[in-house]
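Numbering (our numbering), first residue to last: 7 to 310.
Cβ atoms here follow ideal geometry from the backbone N, Cα and C, with glycine treated the same way.
Just below is one structure, and these are the notes that go with it.
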């Protein structure tokens, strides 16, 4: 069998197409025409001797061979980011690192990333803007920040998303809350208790609203439910026994380890989602670009 040669440039084009799910979005990110991107993908498929993508009306998705190749493409991309970080490690960064994050990510993910990044760049000042997903995308579009982290199904003109971490919303109650809530095991039981919601514009709210409608639990907030403006406010409300909340697994590690919260095992209710980088068409430069490469190369540990 002849040795397989994979052109690194075609592999990077494939990685961007696979992660964006659209030829048009990949062409903007790569600064190539759509025909050029399509030609590179077709040539890569010819080099591999088999299709890698399934074309659909909404874009493209990976087949089995494509998923295998994407894993290697992401590893290579990560190694290149590590190399860039290693080369630049001796360079002193000064000035301001500005970024924005939605509230859950700002409290659960960003502090750890900043701690590891600032160990090698202690002279940087940091400005972290915190809001809901809609606000973060607006700030990025306005040029107020060069980089953002968001949750949920976000869309905004001129902004591209890059998947970063997997997450899941899980139903939780206070361990010392009402006994009947601790015994919730079914969708029917979940319909009868007050739920705690984020505000409109929140990425968590959008994901939760869609999932609960699909499961037949809620069509939006109802009488007795509470709407609160941050994850921390919802966690406080859970602690006070004000209702059941569906919260990010990343946000409740401390409460679970201390025994303050209990996850309700409700069969059929699974709400996966992802945290994503929100980026302008052009890759961020300066401190923001360096921080992004650092985060890509050394992301937080994924949940089991």
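Under the DSSP assignment, residue 187 falls in the alpha helix (DSSP H) whose first and last residues are 185–188.
Shown here, residue 182 sits in coil according to DSSP, grouped into three states, outside any helix or strand. Around the C-beta of residue 241, 16 or more other C-beta atoms lie within 10 Å, and the residue is accordingly described as buried. Within the model, the alpha-carbon separation for residue 49 versus residue 16 is close to 8 angstroms.
DSSP, read as helix, strand or coil, puts residue 168 in strand.
In this structure residue 123 is not in contact with residue 181, their Cβ atoms being roughly 35 angstroms apart against a cut-off of 8 angstroms. Excluding its 5 nearest sequence neighbours in each direction, residue 137 has C-beta neighbours in its own chain below 8 angstroms: 106, 108, 109, 145, listed in chain order.
Put simply, the region 184–199 does not touch the region 116–134. Fewer than three CB pairs are less than 8 angstroms apart. Rounded to the nearest whole angstrom, the CA to CA distance from residue 88 to residue 246 is 45 angstroms. DSSP places residue 173 in the strand class (E or B) of the three-state scheme. In the three-state scheme derived from DSSP, where H, G and I count as helix and E and B as strand, residue 110 is classed as helix. Membership of residue 244 in the alpha helix (DSSP H) is indicated by the continuous run 237–245. The Cβ atoms of residue 35 and residue 44 do not sit closer than 8 angstroms to each other. In the structure shown, the three-state DSSP call for residue 43 is helix. In the DSSP assignment, residue 305 is bridged to no other residue. The Cβ neighbour count for residue 272, taken over all protein chains shown within 10 Å, is at least 16; the residue is labelled buried. Sequence-distant Cβ neighbours of residue 200 in its own chain, meaning closer than 8 angstroms and more than five residues away, are 230, 231, 232, 248, 249, 250. A residue is called buried once 16 or more other Cβ atoms fall within 10 Å of its Cβ, and residue 297 is buried on that count. Spanning the alpha carbons of residue 226 and residue 209 requires a straight line of approximately 14 angstroms. Counting only the Cα atoms, residue 100 lies some 11 angstroms from residue 126.
If you draw a 10 Å sphere on the C-beta of residue 238, you find fewer than 16 other C-beta atoms in it, and that means exposed.
By DSSP's assignment, residue 88 forms no beta bridge with any residue.
Residue range 131–137 is occupied by the beta strand (DSSP E) that includes residue 136. Here residue 283 is bridged, per DSSP, to 155, 168.
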